[in-house]
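The sequence shown begins at 2 in my numbering and counts up one residue at a time. What follows is a set of notes on a single structure, which appears directly below.
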Amino acid sequence: MSQSPQPPNPFSNQFNRFLRFAQKPKTIIIATTSVTLVFIGYAGLSFILREYLPPWLEERLSKVIHRPIEIGELEGFSFTSLQLDGASIPETPQHTNQLTAENIKITFNPLTILLQRKLTLHLSPESVKVNIRENKPGQWLNVKATDEVIPLNFDISVDVDNTEIILLPYQSEKKINIQVDGNLEYQKGEQRKWLYNLGLGLVESNEIKLEGETFVNSTQTKLNLQLNQFPLAAWLSIFPNLPFNIDESYLQANLNLNLPSLRDLRETKGEGDFALKDVQAKTTSLKQPIQADLLFQFEENKILIEKGKIVLGDIITQLQGYYDWQQGSNIKINVQNFSIDNVFGVIPIILPVEAKGKFNINFDITGLISEPLIEGKIINHNPIIFEKTPFKTILAEFKVSLDETLLEKFLIEPQAGGKIEAKGKITHNISQLIKQNKPIDIKQFPIQLDFQVALPTKQLINTYYPLPSDINLNLLEAKGKIEGQMSDINGLIKWDTSGDFSQPNTTIISQGEILIKKITYS
2 MSQSPQPPNP FSNQFNRFLR FAQKPKTIII ATTSVTLVFI GYAGLSFILR EYLPPWLEER
62 LSKVIHRPIE IGELEGFSFT SLQLDGASIP ETPQHTNQLT AENIKITFNP LTILLQRKLT
122 LHLSPESVKV NIRENKPGQW LNVKATDEVI PLNFDISVDV DNTEIILLPY QSEKKINIQV
182 DGNLEYQKGE QRKWLYNLGL GLVESNEIKL EGETFVNSTQ TKLNLQLNQF PLAAWLSIFP
242 NLPFNIDESY LQANLNLNLP SLRDLRETKG EGDFALKDVQ AKTTSLKQPI QADLLFQFEE
302 NKILIEKGKI VLGDIITQLQ GYYDWQQGSN IKINVQNFSI DNVFGVIPII LPVEAKGKFN
362 INFDITGLIS EPLIEGKIIN HNPIIFEKTP FKTILAEFKV SLDETLLEKF LIEPQAGGKI
422 EAKGKITHNI SQLIKQNKPI DIKQFPIQLD FQVALPTKQL INTYYPLPSD INLNLLEAKG
482 KIEGQMSDIN GLIKWDTSGD FSQPNTTIIS QGEILIKKIT YS
């Protein structure tokens, strides 16, 4: 039996035709020319990018941040990426902070530029180091930036893993190193905004975790904040020359916040908790440490004080209440065990006279953050004794706002009778100074104080030196007024007292004036 012939292989036939086409001189010339043109084009583009891209980026980015910037050489590129040999923002006389980064890889999608007129960049720098110097107390950064010089919308995201931020406090040799991990993104569109997912820490980079977004124009912010074993003492070292030291205490927080505007916090809502547990602060001006145990609960538009206790020696301060972002505070503060013995048990001062007694102290805090009002009352719990003189009443009622401190009532009543009364106020107008961005100078605050005295002279003197029985003294009466500015206080005190002996036609008259002029406090 004879075998039938094998059918032809179509793939083999096509390959053979391709070989015959490729071996033609015309094809070889076209291919060689194409490869040469591609190579020359790549070499030319590489030369142009290496020579002109870094200085062009320096010029454009310098206009964005309003300060010089240095871009390293182009090390490589492709259709969707660039590789730069680092970049830096050097220190200048006007800007004492600086930034350096190595081996920056930039990836992008060129199709979005052509189809959407939108540039999407992703930056992956290595070994990023940022030095931030405090120019003067409280002033760390002076940043001015604009994206208007870039004529298209863009999204820029930056990997900030293993970034090191070095804080250099004002007039201090101490350095504070902060580790940063995560991602930072800026979107320029109809609504410009920042997106962030960051971890920061002094010991580990997860001590503070921030995740959220902030719109540039409205400052609307959605934020998740987590504090994981936040080392309070280490972070407070950022502020040199603090008058106290904190032990190894930690903050804990897990908060979700929605802030429609950072300029107006009244619509703020939140969920979560914030705790400061078993903190001890020591200072050389006190014999005993200050201990604090605080827990705040965030529920919608309120911050509730779940636990509020501050202890100094035997003096205990309790806090309770809440803060409502729309209606303001409703917080009560009660100071317990506030006796003269307990006070001088924690402050290193010795009174030249013997003093005993106990006070009740209460404060009420109301109003919004922008308009707080503190109302306080101090009154003795039992008779107060100074040396040999007992007082049945020592009372002070006052109100403190941003605009004035008002002494509504001040009363001292000795056990022997009589009284000392006073009213007054200090005008601050701090709210107006803040709005007008003017400095707050305590020396310029106007002060006004009126008081009157009516005391049984003989009874008070007899406590220390018994007068002869044939001497009778009437009340010591005085009135006074003090006014002016805190740096220039003026006043006038008028006093009058009289008495008589048991003998007829014998009278004691005593009166006078005391002028207070230009008491200057430096």
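The beta carbon of each residue, even a glycine, is placed where N, CA and C say it ideally should be.
Is DSSP giving residue i helix, strand or coil here?
i, result
"A32", "Reliability fails at A32, whose pLDDT of 48 lies under 50, so the model's placement of it is uncertain and the value that follows must be treated cautiously. Helix."
"E59", "helix"
"S432", "helix"
"L352", "coil"
"A417", "coil"
"I370", "coil"
"W326", "coil"
"Q445", "helix"
"K426", "strand"
"V65", "helix"
"R267", "helix"
"L224", "strand"
"L38", "For L38, the predicted model reports a pLDDT of 41, less than 50, meaning its position is unreliable; a value from the coordinates is still stated below. Looking at L38 - three-state DSSP - the assignment turns out to be helix."
"L142", "coil"
"L287", "coil"
"L450", "strand"
"T113", "helix"
May I have the straight-line CA-CA distance separating residue i from residue j, to the nearest angstrom?
i, j, result
"I179", "I167", "6 Å"
"V129", "H67", "21 Å"
"L305", "R193", "34 Å"
"K482", "A423", "10 Å"
"L85", "L124", "10 Å"
"E514", "G492", "10 Å"
"P69", "W141", "19 Å"
"N257", "W195", "17 Å"
"T393", "N473", "According to the sequence displayed, residue 393 carries Lys and not Thr. If I take the Cα positions, the gap works out to 24 Å."
"I311", "P170", "30 Å"
"K426", "S432", "17 Å"
"K308", "Q321", "7 Å"
"A88", "E191", "30 Å"
"P290", "Q319", "17 Å"
"W326", "I370", "8 Å"
"D248", "I177", "18 Å"
"K333", "F452", "30 Å"
"L112", "S82", "13 Å"
Decide if residue i is buried, meaning its Cβ has at least 16 other Cβ atoms within 10 Å, or exposed.
i, result
"W57", "exposed"
"F360", "buried"
"E135", "buried"
"G418", "exposed"
"N242", "exposed"
"F80", "exposed"
"K210", "buried"
"S525", "Look at the range of the chain in this structure, 2 to 523, and you will see that residue 525 is not part of it."
"T269", "buried"
"L408", "buried"
"P126", "buried"
"V280", "buried"
"P349", "exposed"
"V161", "buried"
Which two residues bound the contiguous beta strand (DSSP E) that contains residue i?
i, result
"Q188", "177-189"
"L403", "Element bounds for L403: n/a, residue is neither H nor E."
"K480", "476-486"
"A282", "270-283"
"W195", "194-202"
"Y171", "First-last for Y171: undefined, no H or E at that position."
"Q99", "99-109"
"H96", "Premise fails: H96 is in no beta strand (DSSP E) and is neither H nor E."
"N257", "251-260"
"I70", "Note, I70: premise wrong, no beta strand (DSSP E); not H, not E."
"E212", "209-216"
"D156", "154-160"
"F387", "385-387"
"G309", "303-313"
Could you tell me how far apart the beta carbons of residue i and residue j are, in whole angstroms, since I believe they sit closer than 8 Å?
i, j, result
"A356", "I395", "Not quite, the Cβ-Cβ distance comes to about 11 Å (not below 8 Å), so this is no contact."
"T458", "F446", "That pair is no contact at about 36 Å."
"E59", "E71", "6 Å"
"L295", "A276", "7 Å"
"G314", "N343", "6 Å"
"F109", "T121", "6 Å"
"G358", "I341", "5 Å"
"P440", "S402", "Not confirmed; about 19 Å, so no contact."
"N218", "N198", "Actually they do not touch by this definition, with Cβ atoms about 22 Å apart."
For the alpha helix (DSSP H) that contains residue i, what are its first and last residues?
i, result
"N463", "458-463"
"N343", "341-344"
"I468", "Here residue 468 is Leu; the residue named in the question, Ile, does not match the sequence. Unbroken run through L468: none, as it is neither H nor E."
"L237", "233-237"
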